[in-house]
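Using full-length UniProt numbering, read the sequence shown as starting at 1 and increasing by one per residue. Just so it is clear, CB atoms sit at the ideal spot from N, CA and C, and this is done for glycine as well. Written out below as structure tokens is the structure these notes cover.
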Amino acid sequence: NEYLRLFQELCNQSYIPVTESRPGQDSPGSHPYCLDCYYRNFSKKCAACREVIDVQDKCIQFNNEFYWHIKATCFACTQCRKYLNNEKFIMQFEKPFCSRQCVLDFSDTQ
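So, in structure tokens, the structure goes:
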């Protein structure tokens, strides 16, 4: 059915033709989305810079709730800014810290 085929190729939200796709792009509800709508509605955002984490980017995730780009400007201790990739870290106040001392120092400034 030509009408059904055409409808399935339109973004479920903006109704513009879906011309590009990313892995998993139609997973939410199995409806197609253009890239702009997909990123706006379903993509994870970096907890530090608030930018979209592309599905092809490597990222750090914590408890399926917090996500960071794997770069020193994003995944760093909230207090001293030490890069935390491949390091143990503490989540406190919904932020990453490299040590208990940094948590204490941060809480003293709040």
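- Annotation for TYR33: no beta strand (DSSP E) segment contains it, and DSSP assigns it neither H nor E.
- With a cutoff of 8 angstroms on beta-carbon distance, TYR67 and LYS45 are scored as near each other.
- By the Cβ criterion, the segment 46-53 is in contact with the segment 66-81, since at least three pairs of Cβ atoms, one from each stretch, lie closer than 8 angstroms.
- When DSSP states are grouped into helix, strand and coil, VAL52 belongs to the strand group.
- Runs of the beta strand (DSSP E) lying entirely within the UniProt domain "LIM zinc-binding" (44-109), each at least 3 residues long, are 59-62, 66-69, 90-92, 95-97 in chain order.
- Residue environment for LEU84: buried (at least 16 other C-beta atoms within 10 angstroms of its C-beta).
- Cβ-Cβ distances below 7 angstroms link SER43 to VAL52, ILE53 in the same chain, with the five nearest sequence neighbours on each side left out; the list follows chain order.
- If you ignore the 5 residues before and after TYR39, its C-beta comes within less than 7 angstroms of the C-beta of VAL52, all in its own chain and listed in chain order.
- Between GLN92 and CYS59, the alpha-carbon positions lie close to 20 angstroms from each other.
- Take LEU10, set aside five residues on each side of it, and the residues of its chain with a beta-carbon closer than 8 angstroms to its own are ILE16, PRO17, VAL18, PRO32, in chain order.
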